[in-house]
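Here is the structure we will look at.
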Amino acid sequence: MRAPALYALILFVLGIVFGSYTALPTLAVLAVALLSAAAAIIYTLVGRLLLGRIMICITLFSSAVFLTNLNIHDFAANHISHFTHLSGRSTVVGTVDSEPDIRPTKTFLTVEAESITCKGIALPTSGRIRIRVAK
0 MRAPALYALI LFVLGIVFGS YTALPTLAVL AVALLSAAAA IIYTLVGRLL LGRIMICITL
60 FSSAVFLTNL NIHDFAANHI SHFTHLSGRS TVVGTVDSEP DIRPTKTFLT VEAESITCKG
120 IALPTSGRIR IRVAK
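In numbering that gives the first Met the number 0, the protein residues as written are 0 to 134.
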């Protein structure tokens, strides 16, 4: 096999793209990755190299889907990203997380959110939010 790292990279990138556009259950994807990794080891030890390689491909693909699910889809129920659909005026309470990004026409702040208040109802929240302040 020529350039095995290239094939591995292609499978991993395809898994990332697939995971970005689907919302498969994270634990199910992890189970597929672990089972296919175990099967790859067993098939390789028994001498069934073709099946071992196929299982390695499935492991790479499903591992990328799993990691993408962890980074994109699985947020806590009170994560700030779940409140983006709110209309009207909202107040976010939190602490500035990093140095301000000062630009000629605006400034960006990264805030670690603690609570959000909308229409008089305050809810505890978590996560970071990037705020743009006009000069």
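Note that CB positions come from ideal geometry on N, CA and C, so glycine has one too. On a predicted model such as this, the values are computed, not experimentally measured, just so you know.
Query raised in the report: In or out: GLY46 buried (at least 16 other Cβ within 10 Å) or exposed?
Result: A residue is called buried once 16 or more other Cβ atoms fall within 10 Å of its Cβ, and GLY46, having fewer, is exposed.
Requested in this report: Please indicate yes or no: does the CB of LEU49 lie closer than 7 Å to some heavy atom of the ligand MN?
Outcome: You won't find the ligand MN in this model; it holds no ligand whatsoever.
Query raised in the report: Would you call the CB atoms of SER19 and THR67 closer than 8 Å?
Result: Their beta carbons are under 8 Å apart, which means SER19 touches THR67 by this criterion.
**Report entry** Pairwise C-alpha distance: ILE53 and LEU44
**Finding:** Going by the C-alpha atoms only, they are around 14 Å apart.
Query raised in the report: In whole angstroms, what separates the C-alpha of PRO99 from that of LEU108?
Result: Computed Cα separation, rounded: 5 Å.
Query raised in the report: Got a sec? Which residues, its chain only, sit under 6 Å from SER62 by beta carbon, not counting five neighbours each side?
Result: Here the set comprises ALA32.
Query - Where the alpha helix (DSSP H) containing PRO3 begins and where it ends - result: Per DSSP, the continuous alpha helix (DSSP H) segment holding PRO3 begins and ends at 3-20.
Query - In chain order, each beta strand (DSSP E) run of at least 3 residues that lies wholly inside the segment 36-114 - result: Entirely contained in the segment 36-114, the beta strand (DSSP E) runs reaching 3 residues are, in chain order, 89-95.
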